[in-house]
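Rendered as structure tokens:
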């Protein structure tokens with residue numbers, strides 16, 4: 027089933043449920059917004075050196091919106107002399123690169139930080155992760171060895187479904203981890 031067929035099936039389902047349960051116009055607009063998101067490609071996460079390659083290629087190709095120009099430049103000028111050229115030999119990475127150029131990207135962040143949730147009083151406001159139960163909770167940042175207290179943004183995105191909601195609402199503060 028392609029996206030258009032899925033949209034059609036979902037619209038039929040929505041109309042059926044609206045008639046059966048009496049959904050209102052607010053529900054319809056929320057449903058419509060969700061349907062639009064089906065067409066929005068998700069930005070991929072790439073390493074910093076790949077983002078640098080893309081930005082350099084945009085600069086030298088002379089056109090930021092020309093995906094083929096960017097690929098052409100990268101094919102000509104990124105070779106075995108680059109320290110990360112092995113990355114390009116992997117087919118998965120090639121697809122990731124093409125997706126990043128076509129749909130946008132975020133740079134992988136490998137710096138771990140403490141994450142403080144706004145709205146909590148005192149020092150009991152830091153995000154923690156119990157590695158045994160695989161659950162997130164709020165406490166201090168000085169807990170035992172079975173607790174993860176430093177996070178990368180990419181780890182949070184992958185392991186905390188509510189991350190985007192909290193982050194977009196401005197409820198998270200990221201603190202640099204001091205050298206131990």
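Numbering (the numbering used here), first residue to last: 27 to 206.
Cβ coordinates follow ideal geometry from the N, Cα and C atoms, glycine included.
None of these values were measured; they are calculated from a predicted model.
Between the stretch 138 to 152 and the stretch 93 to 105 there are fewer than three C-beta pairs closer than 8 Å, too few to call the two in contact. A straight-line Cα-Cα distance of about 14 Å links residue 155 and residue 183. When the five nearest sequence neighbours on each side are left out, the beta carbons in the same chain lying within less than 7 Å of the beta carbon of residue 176 are those of 138, 139, 140 and 203, in order along the chain. Excluding sequence positions up to five before and after residue 150, its CB lies within less than 7 Å of the CB of 164, 165 and 166, all in the same chain and listed in chain order. Remark: C-beta atoms of residue 71 and residue 131 approach each other more closely than 8 Å. In terms of CA proximity to residue 128, 92 leads the group 192, 92, 65 and 48.
Here residue 134 is near residue 73, since their CB atoms are less than 8 Å apart. When the beta-carbon positions are compared, residue 153 and residue 143 come within less than 8 Å of each other.
Note on geometry: alpha-carbon atoms of residue 122 and residue 45 lie some 43 Å from one another.
DSSP lists 139 as the beta-bridge partner residues of residue 177.
Our two residues, residue 186 and residue 162, have alpha carbons roughly 8 Å apart in a direct line.
Beyond the five residues adjoining it in sequence on each side, residue 68 comes within less than 8 Å, by CB distance, of 129 in the same chain, given in chain order. With respect to the C-alpha of residue 65, the residue from 40, 75, 88 and 33 having the closest C-alpha is 33. Residues 135, 136, 137 and 138 of the same chain have their beta carbon placed closer than 7 Å to that of residue 178, with the five preceding and five following residues left out of the count.
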